[in-house]
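Input: a single structure, listed below in structure tokens.
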């Protein structure tokens, strides 16, 4: 049989032998059957020629199966690797959130919860509240999370981080952390030094109500000096600390109106030269923080200038700008519009004409839109000391 007579269209010729009738099944004996005579040379010829020719037309079944199996194994390996990476990250996150309970600083500052007694509430915020309390027979302030926040592990972690940070500070112008107390998560509290004079914003509202003269007298300048002492201390730490939420509410006073800085809930160690997270309270924010640009400790100096304007005028930030718009019968300036203009430098905090002029000039250098033009905390402290000693005796 050749290529022309083969009904199956033969592609190659293999030597064959005729099969005897005894080797053929009944029913097929009327036909003549042949089978290949395979020996070593034929095997080599078939495998080397026929299979090679067939491989040119496409992949063999075994090759395709091998590729599929390899792909499946590779896919499963990648999935397993991804699962392990996510699991490891989650484990690290959980350890970071819950490991603070065993932190050396926190455990060293832990005090017995049964010695802490909660009295009346002083203030309440979005996530926490502050109570007056008693510890060891002394009046203290107790900072606690709201019940809803205690169910959020991240908020608990942030709360403990603030407690840890505050516990590491030791300066007469920082509200002191006396200890951290808990028996369970529901009664976790940070025990702080109690400041009888309340916060600066409340004091200034009282000044306004009593029509205390505007400008900087010795008492108000001394409050500014105390705050600047606290900022200088934060810069001296290693790494330096940026408060990031400096405002009149976070400046506490004792009965003699000596000021101390508090509330380090969003304060951070400046591990990098700059940061970009927009945090803090908007009216006290520096322009670079509002716009999400890189910022450093000079952002606190801008916030300090806003506090200076409050000390001078007894009014909330930018009240003068809003009043001018109202007096000109223009449309009322909305909050977003005001902040946008502050960020652009077209609106700034203002100071009264009462003076002394050296204080107002200093305040205006603090609110420069360009952070590099603002003095450092140490430079501001030096200038305030000169003004207080020479002009406000």
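Numbering (our numbering), first residue to last: 993 to 1385.
Positions of the beta carbon are idealized from the N, C-alpha and C atoms, including for glycine.
Bear in mind the structure is a predicted one, so any value in this text is a computation, not a measurement.
Three-way DSSP call (helix, strand, coil) for residue i in this model
i            : result
residue 1012 : coil
residue 1132 : strand
residue 1225 : helix
residue 1195 : helix
residue 1333 : helix
residue 1112 : strand
residue 1102 : strand
residue 1251 : strand
residue 1219 : helix
residue 1124 : strand
residue 1384 : coil
residue 1182 : strand
residue 1190 : strand
residue 1206 : coil
residue 1354 : helix
residue 1238 : coil
Residues near residue i by beta carbon distance below 8 Å, same chain, minus five either side
i            : result
residue 1148 : 1089, 1137, 1141, 1142, 1177, 1180
residue 1327 : 1274
residue 1339 : 1310, 1313, 1330, 1333
residue 1217 : 1373, 1376, 1377, 1380
residue 1103 : 1127, 1170, 1171, 1172, 1173, 1183
Neighbourhood of residue i by C-beta distance below 6 Å, restricted to the same chain and skipping five residues each side
i            : result
residue 1368 : none
residue 1226 : 1233
residue 1335 : 1279, 1282, 1283
residue 1167 : 1184, 1185, 1244, 1252, 1254
residue 1131 : 1186
residue 1193 : 1240, 1241
residue 1059 : none
residue 1146 : none
residue 1215 : 1251
residue 1337 : 1361
Expected contact under 8 Å - CB spacing of residue i and residue j to nearest Å
i            : j            : result
residue 1299 : residue 1219 : 7 Å
residue 1173 : residue 1105 : 4 Å
residue 1123 : residue 1107 : So it is not a contact: roughly 15 Å between Cβ atoms.
residue 1297 : residue 1358 : 3 Å
residue 1293 : residue 1372 : 7 Å
residue 1343 : residue 1304 : 5 Å
residue 1246 : residue 1171 : With a Cβ gap of about 20 Å, residue 1246 and residue 1171 do not count as contacting.
residue 1133 : residue 1120 : Not quite, the Cβ-Cβ distance comes to about 12 Å (not below 8 Å), so this is no contact.
residue 1241 : residue 1191 : 5 Å
residue 1196 : residue 1302 : 6 Å
residue 1098 : residue 1160 : That belief does not hold up - the Cβ atoms of residue 1098 and residue 1160 are roughly 11 Å apart, past 8 Å.
residue 1347 : residue 1207 : 6 Å
residue 1287 : residue 1231 : Not really, about 15 Å apart at Cβ, beyond 8 Å.
residue 1165 : residue 1249 : At roughly 13 Å, the Cβ-Cβ gap does not stay under 8 Å, so residue 1165 and residue 1249 are not in contact.
residue 1238 : residue 1276 : 6 Å
residue 1306 : residue 1188 : Their Cβ separation, rounded to whole angstroms, is 21 Å, which puts residue 1306 and residue 1188 out of contact at 8 Å.
Same chain, Cβ closer than 7 Å to residue i, neighbours up to 5 away in sequence not counted
i            : result
residue 1331 : 1274, 1282
residue 1350 : 1379, 1383
residue 1223 : 1292, 1296, 1369
residue 1024 : 1010
residue 1047 : Summary for residue 1047: the model assigns pLDDT 43, below 50, so the residue's position carries little reliability, and this model does not support an answer.
residue 1135 : 1120, 1122, 1181, 1182, 1184
Residue i beta carbon near the ligand PLP (any heavy atom closer than 7 Å)
i            : result
residue 1286 : What this structure holds is no ligand at all, so the ligand PLP is not there to describe.
- [ ] Spell out a yes or no on whether the segment 1209-1216 and the segment 1180-1191 are touching, meaning 3 or more CB-CB pairs, one atom from each, closer than 8 Å.
- [x] Contact check between the segment 1209-1216 and the segment 1180-1191: fewer than three CB pairs, one atom from each, fall below 8 Å, which does not count as touching.
Open item on the list: Extract the residue ranges of the alpha helix (DSSP H) inside the segment 1264-1313, only unbroken runs of 4 or more that lie entirely within it.
Closed with: Fully enclosed alpha helix (DSSP H) runs of 4 or longer: 1279-1282, 1290-1305.
Open item on the list: So within the segment 1134-1173, which uninterrupted alpha helix (DSSP H) runs reach at least 4 residues, ignoring any that extend past its ends?
Closed with: The segment 1134-1173 contains these whole alpha helix (DSSP H) runs: 1145-1159.
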